[in-house]
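A.B. asks: Going down the list, the protein sequences come from chains A and B. So the first sequence is numbered by our numbering: it starts at 292 and just counts up by one. So the second sequence is numbered by our numbering: it starts at 292 and just counts up by one. Ideal Cβ positions, reconstructed from N, Cα and C, are used throughout, including at glycine. To start, I am sharing the structure in question, which I have written as structure tokens.
There are 2 protein chains.
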Amino acid sequence: MRLQVALDRMSVAHAVELTRQVAAFADWIEVGTSLIKANGMTAVAEVVAAAGTTPVLADTKTADDAVTEVDMCHKAGARATSVLALAPDDTIRACVARAGDLGMETLVDLLATGAGRFDELLAQHSGRPDLVWAAHVGKDQQRHGAANGGLAWITPRSGGHRVAVAGGLDQQQVAALTQLHGDLRVIVGSAITKAVDPAAAAAAFRSLLAAGPQQGPSPREATT
Amino acid sequence: MRLQVALDRMSVAHAVELTRQVAAFADWIEVGTSLIKANGMTAVAEVVAAAGTTPVLADTKTADDAVTEVDMCHKAGARATSVLALAPDDTIRACVARAGDLGMETLVDLLATGAGRFDELLAQHSGRPDLVWAAHVGKDQQRHGAANGGLAWITPRSGGHRVAVAGGLDQQQVAALTQLHGDLRVIVGSAITKAVDPAAAAAAFRSLLAAGPQQGPSPREATT
């Protein structure tokens, strides 16, 4: 089980401070879409500088013009970007190819999709070790009570692929996930970033993930 | 017929310079997604300052967390943002509602959708005067030769709604569009921004649009 800490709706200075506090407990630091759209690649570069050896994912939610977006994130030091599963196939292919050429990973955000779209994309991208598929309930959906049912259709299809889950997760939900999934990247935002002691909260999530069922390393992380 | 000039893949300084050159010929200036992700709201604010009375659309391509994105664009002086038609319904509703509260418009980008999704969204948002529906062939799709067939299914459904068209348009294509559509917002990027004389190119598009069939003002612009 892996931990990705997502930084959203805060200043770059606060993101940098939080990164310093939590990077040691995280497998990935995510510069959220709101930080990118508010501050541009400055946000990515400053978080990269603060994250030390912890890799940074730029949550671009790319929908078009993939090479431009991957390239700007690479230049800012990001090790991964995200692309919307709903984007045109050409965009997803361009994103994955460019990221692969640059030694970066791509998180495919399955926001507002279903099993049919996941099957299409798996068929187009099977065997790629540098992809992570993310079940994601958006912030606006959470406000209306949507639950993250994505893992129910993602997990049985995802053999050999890495899977992430995102969307308002708290410690109780993560504890439940650890009992059901042998390997998963858990993306946590405000449950860490809005905690009174973010470092302690990140450490608590880390302990929860370590306490889950025994597992091997994930497909890519085994080889790098 | 209206002209929106889109600024993408350039520095903020160049975007500001181009805005000064073309604003007088444009109904809207668009700060492209690439400028926003590279530079954040600085790009929007600087283009707004350069655009004078010409309104600025921030092409956020919002997919989630709509209120955050609309608010940051409003603060930067934008008069419109964009939301992906593929985004969750909750996100589109939140975007349209917040923009409406702030007196802003929303461009719904129909990228990678079809008639079915357009019908769904029209049913949810019928009667709103502050929406523009954009047929859009993405940059990555253009590279693979995709044509913009969106107007074929958008136009017969769009009575009373404003419609825009985007995606690698040149003067020849725009001239053809003026013969087929009584009212349309034409979004032009590199055919103006990469021209040897961008102001002359913008003026040429403006003349083409003025030469189209006679029409009344568009639904909203008639009342403001």
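Could you check which residue in Gly-368(B), Thr-404(B), Ala-367(B) has the C-alpha nearest to that of Val-374(B)?
C.D. replies: Walking along the second sequence from the start, residue 374(B) turns up at place 83. Minimum Cα distance to Val-374(B) is reached at Thr-404(B).
A.B. asks: Quick one: what's got a C-beta closer than 6 Å to Ala-297(B)'s C-beta in the same chain, skipping five residues either side?
C.D. replies: Indexing the second sequence from 1 puts residue 297(B) at position 6. So the list reads Glu-321, Gly-323, Ile-478, Gly-480, once near-sequence residues are dropped.
A.B. asks: Going by the beta-carbon positions, is the gap between Ala-354(A) and Thr-382(A) smaller than 8 Å?
C.D. replies: As a working note, residue 354(A) is residue 63 in the first sequence. As a working note, residue 382(A) is residue 91 in the first sequence. Going by C-beta atoms, Ala-354(A) is nearer than 8 Å to Thr-382(A).
A.B. asks: Quick one: Cα of Glu-308(A) to Cα of Val-347(A), how far?
C.D. replies: Mapped onto the first sequence, residue 308(A) falls at position 17. Mapped onto the first sequence, residue 347(A) falls at position 56. Those two C-alpha atoms are separated by around 15 Å.
A.B. asks: So, is the C-beta of Thr-397(A) closer than 8 Å to a C-beta in chain B?
C.D. replies: Residue numbering aside, residue 397(A) sits at position 106 when the first sequence is read from its first letter. Taking Cβ atoms only, chain B never reaches closer than 8 Å to Thr-397(A), which makes this a no.
A.B. asks: If I follow the unbroken beta strand (DSSP E) through Gln-494(B), where does it start and stop?
C.D. replies: The count along the second sequence starts at 1 and reaches residue 494(B) at position 203. For clarity, residue 494(B) is Ala in the given sequence; the question names Gln instead. That residue, Ala-494(B), is in no beta strand (DSSP E); its alpha helix (DSSP H) goes 489–501.
A.B. asks: Report the rounded CA-to-CA distance for Thr-344(B) versus Gln-295(B), giving the unit in angstroms.
C.D. replies: The residue given as residue 344(B) occupies position 53 in the second sequence. The residue given as residue 295(B) occupies position 4 in the second sequence. Those two C-alpha atoms are separated by around 14 Å.
A.B. asks: Taking the straight line between their C-alpha atoms, what separation do you get for Ala-482(A) and Ala-438(B)?
C.D. replies: In the first sequence, residue 482(A) corresponds to position 191, counting from 1. In the second sequence, residue 438(B) corresponds to position 147, counting from 1. Roughly 45 Å between the two C-alpha positions.
A.B. asks: Show which residues of chain B have a CB atom less than 9 Å away from the CB atom of Arg-434(A).
C.D. replies: Here the question's residue 434(A) lines up with position 143 in the first sequence. By Cβ distance, chain B contributes Asp-381, Ala-385.
A.B. asks: Between which two residues does the alpha helix (DSSP H) carrying His-427(A) extend?
C.D. replies: What you label residue 427(A) is simply residue 136 of the first sequence in a count that begins at 1. That residue, His-427(A), is in no alpha helix (DSSP H); its beta strand (DSSP E) goes 422–427.
A.B. asks: Going by DSSP, name the residue or residues bridged to Ala-396(B).
C.D. replies: As a first step, residue 396(B) must be located in the second sequence, where it is residue number 105. Checking the sequence, you will find Glu at residue 396(B) rather than Ala. Answer is Ala-371(B).
A.B. asks: Should the region 389–396 of chain B be called in touch with the region 413–427 of chain B, which here means at least 3 C-beta pairs below 8 Å?
C.D. replies: Contact between the region 389–396 of chain B and the region 413–427 of chain B is present, because at least three Cβ pairs lie under 8 Å.
A.B. asks: From Lys-430(A) to Leu-499(A), what distance separates their C-alpha atoms?
C.D. replies: Position 139 of the first sequence, counted from the start, is the residue given in the question as residue 430(A). Position 208 of the first sequence, counted from the start, is the residue given in the question as residue 499(A). Taking the straight line from one Cα to the other gives about 24 Å.
A.B. asks: Looking at the secondary structure, which residues open and close the beta strand (DSSP E) in which Lys-366(B) lies?
C.D. replies: Stepping through the second sequence from its first residue, residue 366(B) is reached at position 75. Careful: Lys-366(B) lies outside any beta strand (DSSP E), inside the alpha helix (DSSP H) at 357–366.
A.B. asks: Going along the chain, which residues of the region 341–356 of chain A sit with their C-beta nearer than 9 Å to a C-beta in chain B?
C.D. replies: Answer in chain order: Ala-349, Thr-351, Lys-352, Thr-353, Ala-354, Asp-355, Asp-356.
A.B. asks: Note down, in chain order, each residue of its chain lying with its Cβ closer than 8 Å to the Cβ of Gln-433(B), except the 5 sequence neighbours on either side.
C.D. replies: Your numbering for residue 433(B) matches position 142 in the second sequence. Result list for Gln-433(B): Gly-458, Gly-459, in chain order.
A.B. asks: Looking at chain B, is there any beta carbon in it that lies within less than 8 Å of the beta carbon of Met-363(A)?
C.D. replies: Residue mapping note: residue 363(A) aligns to position 72 of the first sequence, counting from 1. It does: the Cβ of Met-363(A) has a partner Cβ on chain B nearer than 8 Å.
A.B. asks: For the alpha helix (DSSP H) that contains Asp-431(A), what are its first and last residues?
C.D. replies: Reading the first sequence from its first residue, position 140 is the one you call residue 431(A). Residues 430–434.
A.B. asks: Give the residues from the region 292–303 of chain A that approach chain B closer than 7 Å (Cβ to any Cβ), ordered along the chain.
C.D. replies: Correct list: Arg-300.
A.B. asks: Looking at Glu-360(A): is its Cβ nearer than 8 Å to the Cβ of Lys-485(B)?
C.D. replies: Taking the first residue of the first sequence as 1, we reach residue 360(A) at position 69. Taking the first residue of the second sequence as 1, we reach residue 485(B) at position 194. Their beta carbons are not under 8 Å apart, which means Glu-360(A) does not touch Lys-485(B) by this criterion.
A.B. asks: Quick one: grab the DSSP three-state call for Lys-485(A).
C.D. replies: The residue labelled residue 485(A) in the question sits at position 194 within the first sequence. Here Lys-485(A) sits in coil by DSSP.
A.B. asks: For Leu-468(B), which residues from the same chain have a beta carbon less than 7 Å from its beta carbon, with the 5 sequence-adjacent residues on both sides left out?
C.D. replies: On the second sequence, residue 468(B) is found 177 positions in, with the first residue counted as 1. The answer, listed in chain order, is Val-456, Leu-475, Val-477.
A.B. asks: How close, in whole Å, do the beta carbons of Gly-368(B) and Val-339(B) come, if the pair is a contact with beta carbons under 8 Å?
C.D. replies: As a working note, residue 368(B) is residue 77 in the second sequence. As a working note, residue 339(B) is residue 48 in the second sequence. Sure, about 4 Å apart at Cβ, within 8 Å.
A.B. asks: Where does Ala-354(A) fall in DSSP's three states?
C.D. replies: Residue mapping note: residue 354(A) aligns to position 63 of the first sequence, counting from 1. Coil at Ala-354(A), not helix or strand.
A.B. asks: In three-state terms, what does DSSP make of Ala-414(B)?
C.D. replies: For the purposes of this step, residue 414(B) is taken as the residue at position 123 of the second sequence. The answer is helix: DSSP assigns Ala-414(B) an H, G or I state.
A.B. asks: Write down the C-beta distance between Leu-326(B) and Ala-317(B) rounded to the nearest angstrom, noting that I regard them as a contact closer than 8 Å.
C.D. replies: The residue given as residue 326(B) occupies position 35 in the second sequence. The residue given as residue 317(B) occupies position 26 in the second sequence. Rounded, the Cβ-Cβ distance is 16 Å, inconsistent with contact.
A.B. asks: Helix or strand or just coil, what does DSSP make of Ala-297(A)?
C.D. replies: For the purposes of this step, residue 297(A) is identified with residue 6 of the first sequence, where counting begins at 1. Residue state, collapsed to three classes: strand.
A.B. asks: With a CB to CB cut of under 8 Å and the five nearest residues on each side skipped, what residues in its chain are close to Phe-409(A)?
C.D. replies: For the purposes of this step, residue 409(A) is identified with residue 118 of the first sequence, where counting begins at 1. Taken in chain order, the residues that qualify are Ala-376, Leu-401, Trp-424, Trp-444, Ile-445, Arg-448.
A.B. asks: So Ser-325(B) contacts chain A; which residues on that side make the cut at Cβ distance below 8 Å?
C.D. replies: Sequence index remark: in the second sequence, residue 325(B) carries index 34 (1-based). Within 8 Å Cβ-Cβ: Asp-356, Thr-359, Glu-360, Met-363.
A.B. asks: Could you tell me whether the Cβ atoms of Asp-380(B) and Gln-415(B) are closer together than 8 Å?
C.D. replies: Working through the second sequence from its first residue, we reach residue 380(B) at position 89. Working through the second sequence from its first residue, we reach residue 415(B) at position 124. Contact flag set, yes.
A.B. asks: Measuring straight from C-alpha to C-alpha, what distance separates Ala-315(A) and His-427(B)?
C.D. replies: Residue mapping note: residue 315(A) aligns to position 24 of the first sequence, counting from 1. Residue mapping note: residue 427(B) aligns to position 136 of the second sequence, counting from 1. Approximately 43 Å between the Cα atoms of the pair.
A.B. asks: Quick check on this structure: which residue in Ala-466(B), Gly-473(B), Leu-471(B), Asp-488(B) has the alpha carbon closest to the alpha carbon of Phe-496(B)?
C.D. replies: By 1-based counting over the second sequence, the position of residue 496(B) is 205. Closest option to Phe-496(B), Cα to Cα, is Ala-466(B).
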